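Enquirer:
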Amino acid sequence: MARHGVQHSALRGRLLPVPPVTFSMELDCIIVGGGPAGLTAATYLRRLHRHVVVFDDGRSRARWIPESHNCPGFPLGVSGTELLRRLRDQASTYGATIHHMRVDLLERTRTGWRVEADGQEWHAPIVLLATGVVDHLPTLATGDPEAALRNGLLRSCALCDGYEATDQRIAVVGPLDRAVSNAHYLSTFSADVTVVPTEGGNPEASRQPDANGVVVLPPLQTLTRTEGGWDVTDLTGRTHRFDLVYAAMGAPARGDLARDAGAEIDAQGAVMTDERMETSIAGLYAIGDVVTDLNQIAVAFGHAVIAASAIHQALPAKPRRRA
Ligand SMILES: Cc1cc2nc3c(=O)[nH]c(=O)nc-3n(C[C@H](O)[C@H](O)[C@H](O)COP(=O)(O)OP(=O)(O)OC[C@H]3O[C@@H](n4cnc5c(N)ncnc54)[C@H](O)[C@@H]3O)c2cc1C
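Right, here's the structure in full:
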């Protein structure tokens, strides 16, 4: 890729405003986010002979998946880190460049988009956002919630792994309404589902099962990992034992780049798109968890294919010349 502009490092030592180093206009598309959505789009676009770069700062929530059993093509399951590795390999095999950098700024220009990362800038006629969501996790009395996610004792998505929770003793923690709604969903898998509210609960909660068999306890006091499970202490001081905890704390979309660029987002911060995954601004596309609350790898793949195909058609045709 051609490189223009001043040498950033040469000027860094002086107290002068440093113009960002500019990378070439030859790119067809800049992809922000290297999770399942962004990497799949990169593979498709490269296989359409489009020039793409992917920016990723390494926070794919897929990295926490201990083993996914609903990812198509992996009958015996696949860990999130292994899936990401394969997707990165696939995109790189077809020539996608992956920059391990956070994009700080996305700005419309006369001819397309300007993206800034690490004091440098890149230009392309089209940008595809695949920036995912931010998981809100409960505070644990001991240990790290991310470690608990990685070993499958703390979970966040019943559609992902509710099947593996079949007939387990399950606690759902989160704001009352959201936790109850999640608990009802989980009652498909277990007759032993209990809500422990982090907000909005009642210390006098009846503890009688509702029509779906879900019990609501008084609000949460502490959540403690034990050997093979959890101790959940409620505000009355009683401790209850569970096999698994599901977090229903919310996972707002990382839609800030789109919002700051002027694209429409919904009340939850999710980026709004049309059926070709284009946002309300021409030339800006969005895919994966950042646009939907059906947070699934297969959905991310599907979005990526739709967007890559639409982007290819939106770009000027590039007929292949005889060698
Ligand atoms: C514990 C857990 C278990 C799960 N299990 C399953 C399962 O079994 N099956 C299933 O289908 N789904 C599962 N999921 C959901 C699945 O992980 C997501 O649906 C999927 O990762 C979404 O892909 P994505 O590419 O949209 O977002 P992500 O995978 O989250 O990737 C977004 C990427 O964008 C990057 N990024 C964001 N902003 C910037 C920026 N400004 N600059 C550069 N990079 C940026 C982030 O670093 C991240 O790498 C699970 C999720 C969790 C948390």
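With the sequence shown counted from 1, adding 849 to any position gets you my numbering.
Beta carbons: idealized from backbone N, C-alpha and C, even for Gly.
This one's a predicted model, so the numbers in the text were calculated from it and none came from an experiment.
If you measure from the CB of residue 821, is any heavy atom of ligand 1 nearer than 7 Å?
Expert: One cannot answer for residue 821 here, as it falls past the ends of the chain, which runs 850 to 1172.
Enquirer: With DSSP collapsed to three states, give me the class of residue 1165.
Expert: For the purposes of this step, residue 1165 is identified with residue 316 of the sequence shown, where counting begins at 1. Judged by DSSP in its simplified three-state form, residue 1165 adopts coil rather than helix or strand.
Enquirer: How should residue 1055 be labelled, buried or exposed, when 16 other C-beta atoms within 10 angstroms of its C-beta is the threshold for buried?
Expert: The residue you call residue 1055 lines up with position 206 of the sequence shown. With fewer than 16 other Cβ atoms within 10 Å, it is exposed.
Enquirer: With distances taken Cα to Cα, identify the nearest neighbour of residue 1156 among 997, 975, 916.
Expert: In the sequence shown, residue 1156 corresponds to position 307, counting from 1. Nearest of 997, 975, 916 to residue 1156, Cα basis: 975.
Enquirer: Which residues does DSSP list as the beta-bridge partners of residue 991?
Expert: Looking up residue 991 in the sequence shown gives position 142. Residue pairing by DSSP places residue 991 in no beta bridge whatsoever.
Enquirer: For ligand 1, any of its heavy atoms closer than 7 Å to the Cβ of residue 885?
Expert: Residue 885 sits at position 36 when you count from the first residue of the sequence shown. Checking the Cβ of residue 885 against ligand 1 gives yes.
Enquirer: Hey, is residue 914 close to ligand 1, as in C-beta under 7 Å from one of its heavy atoms?
Expert: Translated into positions along the sequence shown, residue 914 becomes position 65. True, at least one ligand heavy atom lies under 7 Å from that Cβ.
Enquirer: Would residue 958 pass as a contact of residue 972 if the rule is Cβ separation under 8 Å?
Expert: Within the sequence shown, the letter at position 109 stands for residue 958. Within the sequence shown, the letter at position 123 stands for residue 972. Yes, Cβ-Cβ distance for residue 958 and residue 972 is below 8 Å.
Enquirer: Excluding the 5 residues flanking residue 1028 on each side, which residues of the same chain have their C-beta closer than 7 Å to its C-beta?
Expert: Here residue 1028 refers to the residue found at position 179 of the sequence shown. 1021, 1022, 1044, 1046, 1097.
Enquirer: Evaluate residue 1076 with the Cβ neighbour count: other Cβ atoms within 10 Å of its Cβ, from every protein chain shown; 16 or more gives buried, anything less gives exposed.
Expert: For the purposes of this step, residue 1076 is taken as residue 227 along the sequence shown, with counting starting at 1. Per the 10 Å Cβ criterion, exposed.
Enquirer: Whole-angstrom Cβ separation of residue 1112 and residue 886, contact assumed at under 8 Å?
Expert: Translated into the one-based positions of the sequence shown, residue 1112 becomes position 263. Translated into the one-based positions of the sequence shown, residue 886 becomes position 37. Contact between residue 1112 and residue 886 is absent: CB atoms are separated by about 17 Å, not below the 8 Å threshold.
Enquirer: Report yes if the C-beta of residue 1139 is less than 7 Å from at least one heavy atom of ligand 1; otherwise report no.
Expert: Position 290 of the sequence shown holds residue 1139. Correct: residue 1139 has its Cβ closer than 7 Å to ligand 1.
Enquirer: Would you check whether ligand 1 has a heavy atom nearer than 7 Å to the C-beta of residue 979?
Expert: Counting from 1 along the sequence shown, the entry for residue 979 is found at position 130. Because some heavy atom of ligand 1 lies under 7 Å away, the Cβ of residue 979 counts as near it: yes.
Enquirer: Can at least three beta-carbon pairs, one atom from the region 1054-1073 and one from the region 1025-1039, be found at a separation below 8 Å?
Expert: Touching, per the Cβ criterion.
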